[in-house]
Amino acid sequence: MTPRTLRLVHLAALLAAAWSAGCASSPGVDSGGDPDDGSAGGPSDRAAAFGVVGASDVLPLSAASFRADLADLAVAVYPTPRTHDYGPFLLPLDGAHVVTEESADADARLRDTGLEAAWAELPAGGYVLAATRRAGRTEILRCARDDAGRAASERALRQMTVTVGGRPRVRACRVADAPLFPFRGNKRPQPWELAYGANFSWENRRAPDSSDREVVATFAPGSPLDATRAGAERVVAAWRDAQDAGVRRFCLKFDDVGFGLTPESTLIYGEYPVALTAFAAAVQRGLRARDSEAVLYWLPQTYWWTDERLPSFAAAVRAAGGLPRGVGLVMTGPEIISRTIEPEGLAASRRAFGCNEVPALLYDNLGREGDWGPLTGRDPRLRNECDGVFGERGTPVHRLTRLDWLWNPVGYDPERSWRRAVLELAGPAAFDDLLDVCEGFRQGIPRQEAEARIRAFADAPPHDGPVPRAALVALLRTDLRRLRALPIPVPAAATDGAAGRARE
-18 MTPRTLRLVH LAALLAAAWS AGCASSPGVD SGGDPDDGSA GGPSDRAAAF
32 GVVGASDVLP LSAASFRADL ADLAVAVYPT PRTHDYGPFL LPLDGAHVVT
82 EESADADARL RDTGLEAAWA ELPAGGYVLA ATRRAGRTEI LRCARDDAGR
132 AASERALRQM TVTVGGRPRV RACRVADAPL FPFRGNKRPQ PWELAYGANF
182 SWENRRAPDS SDREVVATFA PGSPLDATRA GAERVVAAWR DAQDAGVRRF
232 CLKFDDVGFG LTPESTLIYG EYPVALTAFA AAVQRGLRAR DSEAVLYWLP
282 QTYWWTDERL PSFAAAVRAA GGLPRGVGLV MTGPEIISRT IEPEGLAASR
332 RAFGCNEVPA LLYDNLGREG DWGPLTGRDP RLRNECDGVF GERGTPVHRL
382 TRLDWLWNPV GYDPERSWRR AVLELAGPAA FDDLLDVCEG FRQGIPRQEA
432 EARIRAFADA PPHDGPVPRA ALVALLRTDL RRLRALPIPV PAAATDGAAG
482 RARE
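Start counting the sequence shown at -18; every next residue gets the next number (our numbering).
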């Protein structure tokens, strides 16, 4: 096991122990799958677990202004937290006692809720959230490790809050959470993704300010490669503005180019692998002269690990002295567009190129065009080899499910995440309409039928979601081109006329 895996196993054990000790009467505790719907253990057990026995101002979850079949899906934390216990109760939020990590009674409340051990082991970005009843009023326990965890806990509390009869109410819960992948996002980031835990951007050309995301700035040296000192300085100079804006991660991209060298580079180095390793070292030195913690990544020509050229190219790079220490590898998976990605191939590629110190990044092309279903086929163990699996493009539905997977790949449920993504985008009143459209794309229904479903969604009650309704409809209509069109019926009279002329 890697050190990261051991830490996760240890945290999982502590969480389980905490729940057993502090929540013994609370069946339905989950480490990442479907939240408890309150059916396990009986109503009295669940009421006792959250301190609501005899409370007259506590409402059932069914009182939320959602369809009965959507309430459990809607009033839950998304992306899916590492460990959560959701109760079937809505507690009054006005007048609640709030406890944070800075409160004098924080340690006592962490013990009371069974979250003490989990809190002690949560990493950076982690938080705990509990909504229970104590001494006749609602108590909100919300402790965070840092600003990122604080933002996540605030988002979680908002998602657990609904308005019933003009009063804010929070769903009874106990949550211990932290993201499993450090970097979560896409090549073409969109502002609304930040509300769902996104913190990463590949290139981010449209928003050079990196204050809200971890950005990887890229440069494509092309072929033939100018590996001279001047060539390396040109790359560093191109990244100067990004460094001034706070960017600390950079990538040399060689995807889809050849292995040629400029005449001067050939004269100096002779062979491409020798020139490449010297060039990468010079670029890294130039970056670190301005920022000692700058990280350089490399996306090679052989960026998928079943490329038959990879073994010989990797051996030549090693024979040339290897890439400098501290260079991270960027790959796409076993193929350019991979249906499934497992960690063994990525680990082998990192070893082959000698890029073992810095966790890799995966440039995931799956879902880049018109995929209105959930992300699937990504092994949770990838977190032991890479810091992120970022998308190339993607529909809003696919982006949301990717963010859910990146936050918690262990507890990720593709179908549940898909339904929650649809609910986020459509709202309860238009949920079925958008679900029908997305299901149609997943099934490959005829274009005319999909058009009718899109019209129904466009005419459904509006919703103030992360993406405007008009923009969603426009995206759906653009993706109609992927579906086959049914033959246009020809009137019988026209058919007879054509046949008659043919006979003549």
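Ideal Cβ positions, reconstructed from N, Cα and C, are used throughout, including at glycine. What you are looking at is a predicted structure, and each value in this text was computed from that prediction instead of being measured.
Next on the checklist: Using only the alpha-carbon positions, how far apart do Pro244 and Pro202 sit?
Outcome noted: Our two residues, Pro244 and Pro202, have alpha carbons roughly 15 Å apart in a direct line.
Next on the checklist: Between which two residues does the alpha helix (DSSP H) holding His444 run?
Outcome noted: First-last for His444: undefined, no H or E at that position.
Checklist entry - At what residue ranges does the stretch 45 to 76 contain a whole run of the beta strand (DSSP E), taking only runs of 3 or more? => result 64 to 73, all fully within the stretch 45 to 76.
Item to check | Between the CA atoms of Gly375 and Arg320 - distance to the nearest angstrom | outcome: Cα to Cα, the separation comes out at about 15 Å.
Checklist entry - Going by DSSP, what residues sit across from Ile182 in a beta bridge? => result Reading the sequence as shown, one finds Ser at residue 182 and not Ile. Asn167, Val196, per the DSSP bridge assignment.
Item to check | Alpha-carbon spacing of Val339 relative to His65, whole angstroms | outcome: C-alpha separation (whole angstroms): 32 Å.
Item to check | Contact set for Leu40: own chain, Cβ-Cβ below 8 Å, skip 5 residues either direction | outcome: So the list reads Phe70, Leu71, Val145, Arg150, once near-sequence residues are dropped.
Next on the checklist: Among the candidates Glu366, Asn365, Val370, whose CA atom is the shortest distance from the CA of Gly358?
Outcome noted: For Gly358, the closest of Glu366, Asn365, Val370 by C-alpha to C-alpha distance is Val370.
Item to check | Contact set for Asp18: own chain, Cβ-Cβ below 7 Å, skip 5 residues either direction | outcome: Confidence at Asp18 is low in this model, with a pLDDT of 41, below 50, so its placement is unreliable and the value that follows should be read with caution. Here Asp18 has Asp53, Pro69 as same chain residues with Cβ atoms under 7 Å from its own Cβ, once five neighbours each way along the sequence are excluded.
Item to check | DSSP bridge partner residues for Thr144 (one or two, in chain order) | outcome: Pro149.
Next on the checklist: Considering Cα atoms alone, identify which of Ile318, Tyr393, Arg450 is closest to Glu373.
Outcome noted: Of the listed residues, the one whose Cα sits closest to Glu373 is Ile318.
Checklist entry - So Trp399 is in the beta strand (DSSP E); what residue range does that whole segment cover? => result It is not in any beta strand (DSSP E) - Trp399 instead sits in the alpha helix (DSSP H) that spans 395 to 407.
Next on the checklist: Checking the sheet assignment: what are the DSSP bridge partners for Ile121?
Outcome noted: Ile121 is bridged to Val79, Ala112.
Checklist entry - Could you give the residue range of the beta strand (DSSP E) that holds Arg374? => result For Arg374, there is no enclosing beta strand (DSSP E), as DSSP marks it with neither H nor E.
Item to check | Euclidean distance between Cα positions of Met141 and Pro443 | outcome: Near 22 Å, if we compare the C-alpha coordinates of Pro443 and Met141.
Next on the checklist: Between Leu122, Leu51, Ala85, Asp88, which has its C-alpha nearest His78's C-alpha?
Outcome noted: Residue Leu122 is the option with its Cα nearest to His78.
Item to check | Beta-carbon proximity check, Arg155 vs Leu175, cutoff 9 Å | outcome: Against a cut-off of 9 Å, the Cβ pair of Leu175 and Arg155 comes out as no contact.
Checklist entry - Ordered along the chain, which non-local residues of its own chain (more than five positions away) have a Cβ less than 7 Å from that of Leu341? => result The identity of residue 341 in the sequence shown is Ala, whereas the question assumes Leu. Cβ within range, chain order: Gly309, Leu310, Val311, Met312, Leu327, Arg331, Glu366, Cys367.
Item to check | Exposure of Ser182, with buried meaning 16 or more beta-carbon neighbours within 10 Å | outcome: Classified as buried, Ser182 has 16 or more neighbouring CB atoms from the shown chains inside 10 Å of its CB.
Checklist entry - In chain order, what residues of the same chain have a beta carbon less than 6 Å from the beta carbon of Pro377, not counting five sequence neighbours either side? => result Result list for Pro377: Leu406, Val448, in chain order.
Next on the checklist: Can you tell me which residues form a DSSP beta bridge with Pro41?
Outcome noted: In the DSSP assignment, Pro41 is bridged to Phe70.
Item to check | Nearest candidate by alpha-carbon position, reference Ala431, set Asp445, Arg450, Arg462 | outcome: Checked all of Asp445, Arg450, Arg462; the closest Cα to Ala431 is Arg462.
Checklist entry - Buried or exposed: where does Val34 fall if 16 or more other Cβ atoms within 10 Å of its Cβ makes it buried? => result Answer is exposed; the Cβ neighbour count stays below 16.
Next on the checklist: Looking only at its chain, what residues have a beta carbon closer than 8 Å to the beta carbon of Ala486, apart from the 5 residues adjacent to it on each side?
Outcome noted: Absent from the model: residue 486. The displayed extent of the chain is -18 to 485, so no value can be given.
Checklist entry - Between the stretch 348 to 364 and the stretch 396 to 406, are three or more C-beta pairs nearer than 8 Å? => result With a cut-off of 8 Å, the stretch 396 to 406 and the stretch 348 to 364 count as touching, because enough Cβ pairs lie within range.
Checklist entry - With 9 Å set as the bound, which would you pick, yes or no: does the beta-carbon of Glu82 sit closer than that to a beta-carbon of chain B? => result No chain B appears in this structure, which consists of one protein chain only.
Checklist entry - Is the CB-CB distance between Gly95 and Gly130 below 9 Å? => result 9 Å or more divides the Cβ of Gly95 from the Cβ of Gly130.
Item to check | Cβ-Cβ distance between Cys124 and Val80 below 9 Å | outcome: In contact: Cys124 and Val80 (Cβ atoms closer than 9 Å).
Checklist entry - For Thr493, is the classification buried or exposed, using 16 other Cβ atoms within 10 angstroms of its Cβ as the cut-off for buried? => result Nothing in the structure corresponds to residue 493, since the chain is present only between -18 and 485.
Item to check | Cα-Cα separation, Ala333 to Leu280 | outcome: Rounded to whole angstroms, Ala333 to Leu280 spans 14 Å at the Cα level.
Checklist entry - In whole angstroms, what separates the C-alpha of Thr283 from that of Leu291? => result A direct Cα-to-Cα measurement between Thr283 and Leu291 gives close to 6 Å.
Checklist entry - So, Gly348 versus His379, is the Cβ gap smaller than 9 Å? => result Contact: yes.
Item to check | Extent of the continuous beta strand (DSSP E) run through Asp345 | outcome: Going by DSSP, Asp345 is part of the beta strand (DSSP E) stretching over 341 to 345.
Checklist entry - What residues match up with Trp285 in a beta bridge as DSSP calls it? => result Paired residues: Gly314.
Next on the checklist: Which same chain residues end up closer than 7 Å to Val256 when comparing Cβ atoms and leaving out the 5 residues on each side of it in sequence?
Outcome noted: Reading off the sequence, residue 256 comes out as Ala, not Val. Excluding positions up to five away in sequence, the list reads Leu206, Ala208, Leu242, Ser246, Tyr250.
Checklist entry - Leu233 lies in the beta strand (DSSP E); which residues open and close that run? => result Leu233 -> beta strand (DSSP E) spans 230 to 234.
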